[in-house]
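> Numbering (full-length UniProt numbering), first residue to last: 1 to 245.
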Amino acid sequence: MKINTYGDQKNPIILFLHGGGVGGWMWEEQIQYFEKNYYLLVPELPLSNPQFTINKTALELNQILYDYIENRKVILVGFSIGAQISIEMLGNDPKIFSTAMINSALTIPIQNRFMDVTLKSSYPLTKSRLFAKVQASSMGVPEKYFNTYFKESLKFSKEAFLNMMKENMSFHVPASFHEIELPILFTMGSKEQNIVKQSFEKLINNSLNSTGHVFEKVAHNAPFKVASEFNIVLENWLKEVVTNK
1 MKINTYGDQK NPIILFLHGG GVGGWMWEEQ IQYFEKNYYL LVPELPLSNP QFTINKTALE
61 LNQILYDYIE NRKVILVGFS IGAQISIEML GNDPKIFSTA MINSALTIPI QNRFMDVTLK
121 SSYPLTKSRL FAKVQASSMG VPEKYFNTYF KESLKFSKEA FLNMMKENMS FHVPASFHEI
181 ELPILFTMGS KEQNIVKQSF EKLINNSLNS TGHVFEKVAH NAPFKVASEF NIVLENWLKE
241 VVTNK
C-alpha cells in the first residue's frame, strides 16, 4: 500500500484515511493546515482491488504503523469507508492510538434483497463523465480535482466496485470497539442520509469516551465542503485531548 508522507518525522503522527471513489488527494486542505505541526501519513487505500476487505486493510495499516510510530501514538482520522477502516483498526489494536476522529461512518448494515441488482445496474454510471460531474459536485470536490476524481472511478472493474460497495454496506462495528477507553470524536454532516445519522447516534451511545460534532448544512462531504471548519474542529479536539495531557 502506498503511503504519502508530509511534515517533520519528529512531530506527532496523524493518519488520514480517505473515502470511496476518491484518493489521498481529498485531504489536501487538511495536509496544508496540519503539516507544520504534525507528521502526516496519507495512504492510497486499495479500494479498487477486487479482493479488498475492510478487515484485511485495517490489519495491514496497523502493521505498517509500527514502522512509523517509534514509541509514539497515532492520531487517526477517517472519512466514510476510511472511517469504517478506522473503527476496525481501533477495535483490533487500540494501544497504537491516542485519539481518533471518525467522520460520516456507516455502521448499520443495509439489508436489501434488491441491492445486488441495484448495484450492478448503477455500475455503468461510474464510467459516465456527466454522472461523475454530478457526483463530484454533490461531494463538494473542487473543480481542479475533477479529472483526478473521474480517473479514480475508471480504476474500478465491475467486480471491484461491487466488492467495495458490499464491504461498505455490510460493515458492522467489532465488539471490541465498544470497550475502547481512548477519546473519540464522531462527526457527520447535518444533511447525511438517515442511516448515517442513526449510525452516528449509535456510535456515541455505545462508546465509553466519545464526543459528537455535526457540521451544519453539509451532507456526506464535510472535509471538502467545510474544510476550514473541519480543520478547526480537529485542531481544537487535539488541543483538548492530546496537547493538554
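Just so you know, even glycine gets a beta-carbon here, dropped at the ideal spot from N, CA and C.
Please check the pair L185 and H213, which I expect to be a contact at CB under 8 angstroms, by giving their CB distance rounded to whole angstroms.
Yes, they are in contact, since the Cβ atoms of L185 and H213 sit about 6 angstroms apart, within 8 angstroms.
> Excluding five sequence neighbours on each side, which residues of the same chain lie with their C-beta closer than 7 angstroms to the C-beta of N206?
Contacts found: H178.
> Taking the C-alpha atoms as reference points, what is the distance between L65 and E88?
So the two alpha carbons sit approximately 14 angstroms from each other.
> What alpha helix (DSSP H) runs, 4 residues minimum, are completely inside the region 185-221?
Fully enclosed alpha helix (DSSP H) runs of 4 or longer: 194-205.
> Using only the alpha-carbon positions, how far apart do G19 and G78 sit?
Their backbone Cα atoms lie some 8 angstroms apart in a straight line.
> With DSSP collapsed to three states, give me the class of M164.
It is helical.
> So, using beta-carbon positions, are L208 and I180 closer together than 8 angstroms?
A contact, by the Cβ cut-off of 8 angstroms.
> Alpha helix (DSSP H) containing T118: first to last residue?
That run of the alpha helix (DSSP H) goes M115 to S122.
> Closest to S104 by C-alpha separation, out of L238, N236, A222 and V242, would be which residue?
Among L238, N236, A222 and V242, the Cα nearest to that of S104 belongs to A222.
> Would you identify the three-state DSSP class for M101, choosing helix, strand or coil?
Note: M101 maps to strand in three-state DSSP.
> Leaving aside the five residues before and after V196 along the sequence, list all residues of the same chain whose C-beta is less than 8 angstroms from its C-beta, in chain order.
Excluding residues within five positions, the ones whose Cβ falls inside 8 angstroms are S104, A105, L106, M188 and H220.
> Taking R129 as the reference, which of M26, N112, K151 and V74 has the closest Cα?
Considering only alpha carbons, the answer is K151.
> When you compare the CB positions of S48 and A136, do they come within less than 8 angstroms of one another, or not?
Going by C-beta atoms, S48 is not nearer than 8 angstroms to A136.
> Kindly indicate which residue of E235, M115 and R72 has the alpha-carbon position closest to the one of V32.
According to the sequence shown, residue 32 is Gln rather than Val. When only C-alpha atoms are compared, the closest one is E235.
> Near G24, which residues of its chain fall below 6 angstroms by C-beta distance, leaving aside the five closest residues on each side in sequence?
Contacts found: N4, H18, V42 and E44.
> Using DSSP with H/G/I as helix, E/B as strand and the rest coil, what is P43?
Of the three classes helix, strand and coil, the one that applies to P43 here is strand, per DSSP.
> Under the three-state reduction of DSSP, which class applies to N147: helix, strand or coil?
Residue state, collapsed to three classes: helix.
> For the candidate residues P142, Y123 and V241, whose alpha-carbon lies nearest to that of L154?
It is Y123 whose Cα lies nearest to the Cα of L154.
> Compute the distance between the beta-carbons of I13 and Y38, then report whether it is under 8 angstroms.
Yes. Within cutoff.
> Nearest by alpha-carbon distance to F146: which of K2, G7, V22 and Q198 is it?
Nearest C-alpha to F146: V22.
> Since G24 sits in a beta bridge, which residues does DSSP pair it with?
Bridge partners of G24: none, in fact.
> How is residue 257 classed by DSSP in three states: helix, strand or coil?
It is not possible to answer for residue 257, since the shown part of the chain is limited to 1 through 245.
> Given that a residue counts as buried once 16 or more other Cβ atoms are within 10 Å of its Cβ, and exposed if not, what is E143?
Looking at its Cβ environment, which holds fewer than 16 other Cβ atoms inside 10 Å, E143 is exposed.
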